Amino acid sequence: MLTFQTTFNPGPSQISSHTKADIQTALDNRLLEISHRSADFSAISSKCITELKKLLGVPEDYRVFYLDSASQAWHSIICNVVAKNSFHFINGAFSEKFSHASQLLGKNVENMLIDWGKQQNFNEVKPLNDPELITVCANETSTGVKLSPQDLQLLRQKFKEALLAVDITSCAGAVDLAIGAADLWYFSVQKCFGLPAGLGLLIVSPKAYERSLQLANDQKNMAGIWQWQKLEKPMREKNYQTPQTPNVLNIYLLAQQCARWNQAGGLKKLVADTEAKMKILSAWVEAHPDLDFYVENEEDRSNTVLAVKAKPEIVTQMKAKALEAGLVLGSGYGKTKADVFRIANFPAISESDIKLLIQTLS
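The working numbering runs 1031 ahead of the 1-based position in the sequence shown.
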């Protein structure tokens, strides 16, 4: 068994004491045994969707669907809205996986690639085909590169006809998002929301939903029983229910987490706390003689996932030293595994946790 006090791994991530108490409450109240066709579940699901929309500022006419993971969103989006062409901005492992999912589903895929640790110049993009879908990462978990609100607005202006899908897996719940600026947003709950893995959320604009209906009418929607209209029907007709037996525990935990955060200052408070903690981490990296930022451009650095570059032997020493103190550092991802470690700066990680980590590694 693993024994540690605090994990800074960027997913699955640290679970707060509040969420641990919520899990115990769910067990005590036998919520894990209720029917997903019951009024009890409908009440939990309704609270979850309502509080989540309030927290993230989701427009009233946008729909929210439950998935198994953020990875499932790639398949769901491609099948529901793409007949032929998709265009993908790739600056890390997860943005590349979305492109690969589209390719596996037989779509004409166009990519704009840039080196890991850097952000795209969105002014330069000129797709050869007429893309139905544009995909981008708001926070590339593998590299710690973020997307600015200005770049998102630029993409919206450049691609008025195409649907715009944004991966917010490792930043939803800790950064400010203009949900109305894109058509599709998706994330999973084991990062900023600090919940156990096993639940994904997909936010769908009216335009994207209509596109799914259009492809279904044209018999080009490949989602089968997971077409969005089939997810929407029990949500609407059966009071926030689902076609399948869902992850009731995580839906309950997400409802509790969002309600708690909304009562404690909402997203504005979460963003301020996240930025304050990242300033502490960044000052430490800047002052440390053996460490450097993997993302060189400060404006492109994520506030929720800090990628730190060092010699492989230093990375090994840092991770071992942290573990001796009961702290887990996140590894580099894929090709950066040897010379990068990552530090999650999620809401469940407190400022005192950050300071303890710095003290341990200094």
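Cβ atoms here follow ideal geometry from the backbone N, Cα and C, with glycine treated the same way. Note that this is a predicted model, so its numbers are computed, not measured.
Grouping DSSP H, G and I as helix and E and B as strand, with all else coil, what is residue i?
i	result
T1038	strand
A1052	helix
K1310	helix
G1297	helix
I1380	coil
L1062	helix
I1199	coil
D1321	coil
K1177	strand
Could you check the C-alpha separation between residue i and residue j for me, to the nearest Å?
i	j	result
L1063	K1269	20 Å
P1158	F1118	7 Å
N1142	Q1272	37 Å
V1197	D1182	12 Å
V1176	S1069	43 Å
V1279	E1091	24 Å
N1252	L1246	5 Å
V1113	N1281	30 Å
E1082	S1047	19 Å
V1156	W1216	21 Å
A1213	K1352	43 Å
S1077	L1262	15 Å
L1226	P1043	8 Å
A1239	L1322	44 Å
L1360	V1336	12 Å
N1170	L1312	18 Å
A1205	K1310	15 Å
I1121	S1073	39 Å
I1389	F1039	12 Å
Going by Cα to Cα distance, which pick from the options is closest to residue i?
i	options	result
S1173	P1041, P1162 and A1104	P1041
C1223	L1098, Q1288 and I1210	Q1288
K1149	A1213, A1338, K1251 and D1053	A1338
S1102	V1220, S1073, Q1188 and G1204	V1220
W1147	F1125, W1105 and D1053	F1125
V1167	Q1134, E1192, L1135 and F1129	F1129
E1306	N1111, I1145 and I1380	I1380
L1387	A1057, W1315 and R1187	W1315
T1391	N1376, K1350 and Y1364	K1350
Tell me which residue opens and which closes the beta strand (DSSP E) that residue i is part of.
i	result
T1166	L1164 to C1168
With respect to the alpha helix (DSSP H) encompassing residue i, which residues constitute its N-terminal and C-terminal limits?
i	result
I1374	Not the alpha helix (DSSP H): I1374 falls in the beta strand (DSSP E), residues V1371 to A1375.
K1189	P1180 to K1189
Run through the region 1074-1160 for me and flag every whole alpha helix (DSSP H) of 4 or more residues, listed as ranges in chain order.
1101-1112 and 1124-1135
For the region 1201-1289, list the beta strand (DSSP E) runs that are entirely contained and at least 3 residues long, ordered along the chain.
1215-1219 and 1231-1235
Which full runs of the beta strand (DSSP E) of 3+ residues lie inside the region 1319-1365, going along the chain?
1336-1340
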